[in-house]
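Here is the structure we will look at, set down as structure tokens.
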Amino acid sequence: MLGFWPENIHLYRQAFRHRSKSEPVNGNFRNSNERLEYLGDAVLGAVIAHYLFKKFPYRDEGFLTEMRSRLVSRNYLNSLAVKIGVDKLIVADEHSVVSKTMGGDSFEALMGAIYLDKGFDFTFKLILNRIIRFHVDIDEIEQLDLNFKSKIINWAQKQKVNLVFEAQEELKGKSQKMYFVNVLIDGKPYGKGNGLSKKQAEQDAARQTIEMLRINDTFPT
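Per my numbering, the sequence shown starts with residue 604, numbered consecutively.
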């Protein structure tokens with residue numbers, strides 16, 4: 604699938620084992636792919652951040668953060684999982700409800716397994732040369748006009764729910780402020796965003812809310 608032989612096959616079996624098919628170990632702990640997913644999320648985020656930093660030397664922090672968010676969003680990782688074939692390897696209970704995030708979750712878990720099995724340098728090169736190079740159209744992603752705030756506002760109007768963007772404290776440093784915004788829907792908290800501007804924080808909070816509610820597929824498959 605990705606052009607290499609694994610050393611520790613157990614890691615890869617675990618990467619594709621959904622919680623519904625896991626077994627309890629040491630009390631309430633279940634031996635699923637969730638720990639590897641946590642690790643893979645961090646590894647993937649670091650590699651993507653490095654890649655974007657090098658590819659766009661004259662773009663600011665806000666642009667880089669937005670592009671990274673697009674590339675590591677659950678919807679986009681789900682589409683990558685299908686392209687690469689990860690979704691066909693997932694082991695889940697046949698009676699369990701199939702989650703829309705299962706593919707993206709397993710993709711991250713696979714990255715975590717590769718990192719533990721082969722090390723960071725190998726994983727770094729694999730993500731760049733085997734995944735981004737052949738399966739990611741970075742120019743298409745850059746051209747997407749994603750106004751998350753408008754999307755969530757339109758959704759709220761159709762659903763007839765009360766949507767509020769609640770501004771939180773501003774941390775004032777020596778040279779900049781950090782803005783925090785919470786999204787409330789009928790008084791219930793959802794996405795929490797932050798950014799160097801209020802607009803950026805609102806977009807971040809709206810994006811998280813869209814992903815939490817699985818309102819639509821933001822990215823092409």
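In this text, a Cβ means the ideal position worked out from N, Cα and C, and glycines have one as well. Predicted model, so just to flag it, every value in this text is computed and none were measured.
Please state whether DSSP places residue i in a helix, a strand or coil.
i      : result
TYR679 : helix
LEU605 : coil
VAL767 : strand
ARG736 : helix
ARG810 : helix
ARG622 : helix
GLY616 : Position check: residue 616 holds Arg in this sequence, whereas Gly was assumed. Here ARG616 sits in helix by DSSP.
GLU773 : coil
GLU805 : helix
Output needed for residue i: all residues of its chain with C-beta closer than 7 Å, excluding positions within five of it in sequence on either side, in chain order.
i      : result
ASP742 : none
GLY722 : none
GLN771 : PHE783, VAL784 and ASN785
GLU711 : GLU640, GLY643, ASP644, LEU647 and LEU680
MET815 : TYR793 and GLY794
GLU773 : LYS780, MET781 and TYR782
GLY707 : ARG677, LEU680, ASN681 and ALA684
For residue i, which residues from the same chain have a beta carbon less than 8 Å from its beta carbon, with the 5 sequence-adjacent residues on both sides left out?
i      : result
ALA759 : ASN765, LEU766 and ILE788
THR726 : VAL646, VAL650, MET714, ILE717 and TYR718
GLN811 : VAL786, TYR793, GLY794, LYS795 and GLY796
Could you check if residue i is buried or exposed, using at least 16 other CB atoms within 10 Å of its CB as the buried criterion?
i      : result
ASP724 : exposed
HIS621 : buried
PHE751 : buried
MET705 : buried
ASP663 : exposed
SER672 : buried
ASP730 : Looking at the sequence itself, residue 730 is Ile, so the reference to Asp does not match. The residue is buried, with at least 16 neighbouring Cβ atoms inside 10 Å.
SER709 : buried
ILE612 : exposed
What is the residue span of the beta strand (DSSP E) that residue i lies within?
i      : result
LEU787 : 780–788
Less than 7 Å between the CB of residue i and some heavy atom of the ligand GDP, yes or no?
i      : result
LEU719 : The model depicted lacks the ligand GDP and carries no ligand whatsoever.
Taking the alpha helix (DSSP H) that residue i falls in, what are its first and last residues?
i      : result
VAL646 : 637–658
LYS791 : Counting along the chain, LYS791 falls outside any alpha helix (DSSP H), though it belongs to the beta strand (DSSP E) covering 791–798.
ALA695 : Where ALA695 is concerned, there is no enclosing alpha helix (DSSP H), given that its DSSP letter is neither H nor E.
ILE717 : 705–721
ARG671 : 664–674
ASP742 : 741–746
ILE818 : Per DSSP, ILE818 belongs to no alpha helix (DSSP H) and is neither H nor E.
ASN757 : 751–762
Excluding the 5 residues flanking residue i on each side, which residues of the same chain have their C-beta closer than 6 Å to its C-beta?
i      : result
GLY715 : LEU639, LEU642 and GLY643
MET670 : LEU655
PRO792 : ASN785
ALA618 : ASN636, LEU639, ALA712, LEU713 and ALA716
GLY798 : TYR782, ALA804 and ASP807
ASP690 : ALA684 and GLY706
LYS801 : TYR782
Could you say if the stretch 726–741 and the stretch 671–690 meet the contact criterion of at least three C-beta pairs nearer than 8 Å?
Segments in contact, yes.
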